[in-house]
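Encoded as structure tokens, the structure appears first; notes follow it.
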Amino acid sequence: MNGSTIVAVATSPGPGAISVIRLSGEASVAICDKIFRGKTPISQAADRSAILGEIVDPDGSPIDQVMLLVMRAPRSFTGEDVVEISCHGGRLAPRLVVRRLIEEGAEPARPGEFTKRAFLNGKMDLAQAEAVIDIVRAGSEKALKAAVRQLKGDLSKRFEELEDSLFETVTRIEANIDFADEEGITVVDREELTDRLKTSIAKMKEVLAAHEQGKHIKQGLDVVIVGKPNVGKSSIFNRLVGEDRVITSEVPGTTRDVVDGLVGVNGTVLRLHDTAGVGVGTGAIEREAVERTRRMLGDADLALVILDASRPLSGEDRDVLGEVADKPHLVVVNKSDLPTRAALGEFGGALRLSALEGWGVPDLMAGLGEFAHRNLGDLDCEVLVSERHAVCVRGSLAGLRRAADAVSEGLPLEFPASDIRHALDCLGEVTGRKIARRVLDEIFSRFCIGK
Ligand SMILES: Nc1nc2c(ncn2[C@@H]2O[C@H](COP(=O)(O)OP(=O)(O)OP(=O)(O)O)[C@@H](O)[C@H]2O)c(=O)[nH]1
Ligand SMILES: [Mg+2]
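When the sequence shown is numbered by this note's numbering, its final residue is 472 and no position is left out of the sequence of numbers.
Dropping the structure here:
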């Protein structure tokens, strides 16, 4: 690295029992020694040992009582000398400790700089480094599980296998090109080459399929609540998210914007969207509101159609039902505490509930849980393939397809060889074996400070 020693608070700010401040770099131990007063100087502390003491001002007055953990290079997260200081939580103590460290020569860390150093020092590959963000941002147990697997290197292993097999293919072709005139070199069998490329192409397609599933695990499924005005969409939304998030009223057209909330079911997360009632009016705002509802519905994984038990089924209800006909949907008959209109008889199988009184809501939750399980249940997926990885794989796949075409068209072997080389370069960007500095900076800038 560049020799600087970086510091940041690694825990989230605000009230809490403790905060952890992390230092990494050559001077970590020396800098801490200047501001720490404990039984043993840190420079003499055994590797991976914890020492109790105080952080002090230059005049020796104590700032906070702390516990120091010393991890020496290369056996640390970043591969450099790392000191972690656990001080008391809150806003002030950690800030004052960091200020002292900066006074003594540490530099404030940039977002993701610790993880970036870990990558540059060979402690982890890029896919593993990215898993750190996914772990921090995981919104459900499944997402967390997959991210932890990625951190352990499962994703990297899959890509390395792909790379190895392509590498073997390309070196064989290249040997053929370079030594074509020499005796004892068997000419590459184009059929075998085609088979090999087909196998790699199939594996990459699997990775892209995993990307689609992973997207759902990471981001959750989108559930849109739709229905005509005043049927109780917002009341149901509030019940599901478990708080009074949206305004509800007896005035039709209360909700205009799309409002989002998260609901955890079955170890996964659902992103719930409350929308404006369809058919609320013809003014500009109403038209825009309905347009937004439609857009939301277009991207949704599931539509929750809400009907009002106390009113006869109307043309608007039928419009909504027509719009969701081709996508997964659940019909909910709300206001079932009121006398039911006969016309709703045809929804005998629909879920009945009362958002007002609360009954039936657990059944709706269970229904959503089942839906999530049906869609994500088998996705205790081994790996999460991020959008960035998918872009690399798509580039690689394009290269392999060109290579396969070149082979079948009988072009000189230089052509498929160069296409496979391109495919390998694309793959190398996943694990970071081959990656531009600019891309690296972009990736790590998405981290937060202290990671
Ligand atoms: N009796 C009864 N009233 C309900 C029930 N659910 C909602 N309401 C009432 O119906 C009215 C409309 O509820 P909202 O949740 O605002 O309905 P909405 O579908 O979001 O309405 P818009 O945003 O205007 O489209 C409110 O006065 C609610 O208190 C229910 O289960 N039973
Ligand atoms: Mg509403």
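A virtual CB, placed ideally from N, CA and C, is assigned to each residue, including glycine.
In this text, all values refer to a predicted model and were calculated from it rather than measured experimentally.
Alpha-carbon spacing of V267 relative to S375, whole angstroms: Here residue 267 corresponds to residue number 246 of the sequence shown, with the count starting at 1. Here residue 375 corresponds to residue number 354 of the sequence shown, with the count starting at 1. Per the coordinates, the alpha-carbon of V267 lies some 17 Å from the alpha-carbon of S375.
The beta strand (DSSP E) enclosing N355, as first and last residue numbers: Position 334 of the sequence shown, counting from 1, holds the residue named residue 355. Where N355 is concerned, the enclosing beta strand (DSSP E) stretches over 350-355.
Top-ranked residue by Cα proximity to G250, from G263, D295, E212, T289: On the sequence shown, position 229 is the one that residue 250 refers to. The sequence as given places Pro at residue 250; Gly does not occur at that position. Per the Cα distances, D295.
Where R416 sits in the DSSP three-state scheme: If you number the sequence shown from 1, residue 416 lands on position 395. Per the sequence presented here, residue 416 reads as Gly, with Arg not at that position. In this structure, G416 counts as helix in the three-state DSSP scheme.
DSSP three-state assignment for A71, whether helix, strand or coil: Stepping through the sequence shown from its first residue, residue 71 is reached at position 50. In the structure shown, A71 sits in a strand (DSSP, three-state: E or B).
Spatial distance of G390 from T32 (CA atoms): Walking along the sequence shown from the start, residue 390 turns up at place 369. Walking along the sequence shown from the start, residue 32 turns up at place 11. Cα to Cα, the separation comes out at about 33 Å.
Cβ-heavy atom distance, K224 to ligand 1, below 7 Å: Along the sequence shown, read from residue 1 onward, the residue named residue 224 stands at position 203. Incorrect: K224 has no Cβ contact closer than 7 Å to ligand 1.
Heavy atom of ligand 2 within 7 Å of V284 beta-carbon: Indexing the sequence shown from 1 puts residue 284 at position 263. Checking the Cβ of V284 against ligand 2 gives no.
Assigned secondary structure, E88 (DSSP; H/G/I helix, E/B strand, else coil): The sequence position of residue 88 within the sequence shown is 67, counting from 1. What sits at residue 88 in the sequence shown is Met, not Glu. Of the three classes helix, strand and coil, the one that applies to M88 here is strand, per DSSP.
Close Cβ partners of H350 (< 6 Å) along its chain, the five nearest in sequence each way excluded: Here residue 350 corresponds to residue number 329 of the sequence shown, with the count starting at 1. Once the five neighbours on either side are set aside, the close Cβ partners of H350 are A324, V326.
As assigned by DSSP and simplified to three states, the class of G46: Against the sequence shown, residue 46 aligns to sequence position 25. G46: coil per DSSP, three-state reduction.
Beta-carbon proximity of G449 to I456, cut-off 8 Å: The residue you call residue 449 lines up with position 428 of the sequence shown. The residue you call residue 456 lines up with position 435 of the sequence shown. The answer is yes: Cβ separation under 8 Å.
C-beta contact flag for I194 and L434 at 8 Å: The count along the sequence shown starts at 1 and reaches residue 194 at position 173. The count along the sequence shown starts at 1 and reaches residue 434 at position 413. Against a cut-off of 8 Å, the Cβ pair of L434 and I194 comes out as a contact.
Inter-residue spacing [alpha-carbon to alpha-carbon] between G253 and A168: As a working note, residue 253 is residue 232 in the sequence shown. As a working note, residue 168 is residue 147 in the sequence shown. Taking the straight line joining both Cα atoms gives about 38 Å.
Rounded straight-line distance, which links the Cα of S45 to that of M22: Here residue 22 refers to the residue found at position 1 of the sequence shown. Here residue 45 refers to the residue found at position 24 of the sequence shown. Because the pLDDT at M22 is just 47, under 50, the model does not fix this residue reliably, and the point stays unresolved.
M22, DSSP secondary structure in three states: Residue numbering aside, residue 22 sits at position 1 when the sequence shown is read from its first letter. Reliability of the predicted coordinates at M22 is poor, the pLDDT of 47 falling under 50, and no value is obtained from them.
T276 Cβ short of 7 Å to ligand 2 heavy atom set: Walking along the sequence shown from the start, residue 276 turns up at place 255. Under cutoff, so the answer is yes.
Neighbourhood of T452 by C-beta distance below 7 Å, restricted to the same chain and skipping five residues each side: The residue given as residue 452 occupies position 431 in the sequence shown. Counting only Cβ-Cβ distances below 7 Å, and skipping sequence neighbours, we find D146, L147, A148, S177, F180, E181.
Among V280, D347, K219, the one whose alpha carbon lies nearest that of R313: The residue you call residue 313 lines up with position 292 of the sequence shown. Closest by alpha carbon: V280.
Whether G74 touches R58 by CB criterion (8 Å): Here residue 74 is taken as the residue at index 53 of the sequence shown, counted from 1. Here residue 58 is taken as the residue at index 37 of the sequence shown, counted from 1. Yes, Cβ-Cβ distance for G74 and R58 is below 8 Å.
Helix, strand or coil at P83 [DSSP, three-state]: By 1-based counting over the sequence shown, the position of residue 83 is 62. Three-state result, P83: strand.
Strand pairing of L293, partner residues [DSSP]: By one-based count along the sequence shown, residue 293 stands at place 272. Beta-bridge pairing links L293 to V244, G282.
Nearest-angstrom Cβ-Cβ length linking A393 and L283, presumed shorter than 8 Å: In the sequence shown, the residue the question calls residue 393 occupies position 372. In the sequence shown, the residue the question calls residue 283 occupies position 262. Contact doesn't hold; Cβ gap of about 13 Å is too wide.
Distance CB(I27)-CB(E134) smaller than 8 Å: Residue numbering aside, residue 27 sits at position 6 when the sequence shown is read from its first letter. Residue numbering aside, residue 134 sits at position 113 when the sequence shown is read from its first letter. It is a contact, given that the beta carbons lie within the stated cut-off.
Closer than 7 Å: D358 CB and nearest ligand 1 heavy atom: As a working mapping, residue 358 is identified with position 337 in the sequence shown. Yes; taking the cut-off as 7 Å, the Cβ of D358 has a heavy atom of ligand 1 nearer than that.
Terminal residues of the beta strand (DSSP E) in which P390 lies: Sequence index remark: in the sequence shown, residue 390 carries index 369 (1-based). Residue 390 is actually Gly in this sequence, not Pro. Note, G390: premise wrong, no beta strand (DSSP E); alpha helix (DSSP H) at 382-397.
CA nearest to the CA of V406, picked from A164, A66, V272, E344: If you number the sequence shown from 1, residue 406 lands on position 385. Nearest C-alpha to V406: A164.
N- and C-terminal bounds of the alpha helix (DSSP H) containing L113: Locating residue 113 in the sequence shown gives position 92, where the first residue counts as 1. 113-124 is the span of the alpha helix (DSSP H), which, as asked, contains L113.
Candidates C447, I470, I464: closest to F188 by CA position: Position 167 of the sequence shown holds residue 188. Nearest option by C-alpha distance: C447.
S256 - containing alpha helix (DSSP H), residue span: Numbered from 1 along the sequence shown, position 235 holds the residue referred to as residue 256. Run containing S256: 254-262, per the alpha helix (DSSP H) assignment.
Host alpha helix (DSSP H) of A148 (start-end): For the purposes of this step, residue 148 is identified with residue 127 of the sequence shown, where counting begins at 1. 147-158 is the span of the alpha helix (DSSP H), which, as asked, contains A148.
V262 beta carbon less than 8 Å from that of D322: To locate residue 322, count along the sequence shown from 1; it is residue 301. To locate residue 262, count along the sequence shown from 1; it is residue 241. It is not a contact, given that the beta carbons lie outside the stated cut-off.
Start-to-end residues for the alpha helix (DSSP H) that takes in E309: Walking along the sequence shown from the start, residue 309 turns up at place 288. 305-320 is the span of the alpha helix (DSSP H), which, as asked, contains E309.
Simplified DSSP assignment, three categories, for L434: In the sequence shown, counting from the first residue as 1, residue 434 sits at position 413. DSSP places L434 in coil when its eight states are reduced to three.
Where L334 sits in the DSSP three-state scheme: Your numbering for residue 334 matches position 313 in the sequence shown. Reduced to three states, the DSSP call for L334 is coil.
T269: CB within 7 Å of a non-hydrogen atom of ligand 2: Reading the sequence shown from its first residue, position 248 is the one you call residue 269. Indeed, a heavy atom of ligand 2 lies less than 7 Å from the Cβ.
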